[in-house]
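In the numbering used here, the protein residues as written are 162 to 337. Working notes, beginning with the structure itself.
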Amino acid sequence: MALADDLLDGETRTGHIKIHGPEGFEGMRAAGRLAAECLDMLTPHVKPGVATGELDRLAREFVLDHGALPACLYYRGYSHTLCISPNHVVCHGIPGERALREGDIANIDVTVVVDGWHGDHSRMYTLGEIAPKARRLIDITYEALERGLAAVKPGARLGDIGFAIQSYVEAMRCGV
Numbered sequence: 162m163a164l165a166d167d168l169l170d171g172e173t174r175t176g177h178i179k180i181h182g183p184e185g186f187e188g189m190r191a192a193g194r195l196a197a198e199c200l201d202m203l204t205p206h207v208k209p210g211v212a213t214g215e216l217d218r219l220a221r222e223f224v225l226d227h228g229a230l231p232a233c234l235y236y237r238g239y240s241h242t243l244c245i246s247p248n249h250v251v252c253h254g255i256p257g258e259r260a261l262r263e264g265d266i267a268n269i270d271v272t273v274v275v276d277g278w279h280g281d282h283s284r285m286y287t288l289g290e291i292a293p294k295a296r297r298l299i300d301i302t303y304e305a306l307e308r309g310l311a312a313v314k315p316g317a318r319l320g321d322i323g324f325a326i327q328s329y330v331e332a333m334r335c336g337v
């Protein structure tokens, strides 16, 4: 538990938004870059027959070898580096013995800490031929993400981003 406690100082627990300068942005970029590189490293391993626990092991080794920490590791007792959500698991699936199969879709989420900065990425993987409903879900969620990002601008509120996402998703006869 010490690892998670060491990562959280009093400032991060206040709930206040801190405005960062160039050094802060570079720290955020470095953490985000490593998280993306971790997913890039995993990509050739995300295939039928590979257990989600093996993907987690590979990610942990990669993050530690790059001098960073897996942010989720030991947080409230969580003993993994990744969250892996196959098929109907909405989010934060726990890696384990389950092997990925042909036709699966799997979202992999990684958060790393580099010099005190968090980088968080997730990526959706498709394993071979997927069901039309799965393809539709992926396409709709990707477009919803794009619409949410387009709503981010000076003066926008968090609710504006949520509205852009939710109104599109509901128009496509899905739910948030």
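Backbone N, C-alpha and C define an ideal beta-carbon position, used for all residues, glycine too. Just so you know, these numbers come straight off a predicted model, no measurement behind them.
Cβ-based neighbour list, residue i, same chain, cut-off 7 Å, excluding 5 preceding and 5 following
{"i": "residue 258", "result": "212, 214"}
{"i": "residue 322", "result": "309, 312, 313"}
{"i": "residue 256", "result": "213, 214, 216, 217, 241, 243, 245"}
{"i": "residue 162", "result": "Low local confidence applies: a pLDDT of 37 at residue 162 is under 50, so the model's placement there is unreliable, with the coordinate-based value given in what follows. Cβ neighbours of residue 162 beyond the five flanking positions: 235."}
{"i": "residue 167", "result": "Bear in mind that the predicted position of residue 167 carries a pLDDT of just 46, short of 50, making it too unreliable to give a figure here."}
{"i": "residue 329", "result": "304, 305, 308"}
Residues near residue i by beta carbon distance below 6 Å, same chain, minus five either side
{"i": "residue 295", "result": "266"}
{"i": "residue 247", "result": "265, 267"}
{"i": "residue 327", "result": "337"}
{"i": "residue 191", "result": "275"}
Residues bridged to residue i [DSSP beta-bridge criterion]
{"i": "residue 284", "result": "269"}
{"i": "residue 328", "result": "None, per the DSSP bridge assignment."}
{"i": "residue 231", "result": "273"}
{"i": "residue 279", "result": "274"}
{"i": "residue 317", "result": "None; residue 317 has no bridge partner."}
Environment of residue i [buried if 16+ CB atoms lie within 10 Å]
{"i": "residue 217", "result": "buried"}
{"i": "residue 242", "result": "buried"}
{"i": "residue 320", "result": "exposed"}
{"i": "residue 221", "result": "buried"}
{"i": "residue 306", "result": "exposed"}
{"i": "residue 303", "result": "exposed"}
{"i": "residue 180", "result": "exposed"}
{"i": "residue 271", "result": "buried"}
{"i": "residue 273", "result": "buried"}
Alpha helix (DSSP H) segment containing residue i, residue limits
{"i": "residue 183", "result": "183–203"}
{"i": "residue 310", "result": "293–311"}
{"i": "residue 219", "result": "213–226"}
Contact under 7 Å by Cβ, residue i with residue j
{"i": "residue 345", "j": "residue 193", "result": "Given that the chain is displayed from residue 162 to residue 337, the structure contains no residue 345 and the question cannot be resolved."}
{"i": "residue 197", "j": "residue 282", "result": "yes"}
{"i": "residue 262", "j": "residue 209", "result": "yes"}
{"i": "residue 227", "j": "residue 195", "result": "yes"}
{"i": "residue 232", "j": "residue 275", "result": "no"}
{"i": "residue 286", "j": "residue 224", "result": "no"}
{"i": "residue 264", "j": "residue 291", "result": "yes"}
{"i": "residue 333", "j": "residue 299", "result": "no"}
{"i": "residue 284", "j": "residue 219", "result": "no"}
Boundaries (first-last residue) of the beta strand (DSSP E) holding residue i
{"i": "residue 243", "result": "243–247"}
CB contact check: residue i to chain B, cutoff 7 Å
{"i": "residue 244", "result": "This model lacks chain B altogether, as it is built from one protein chain only."}
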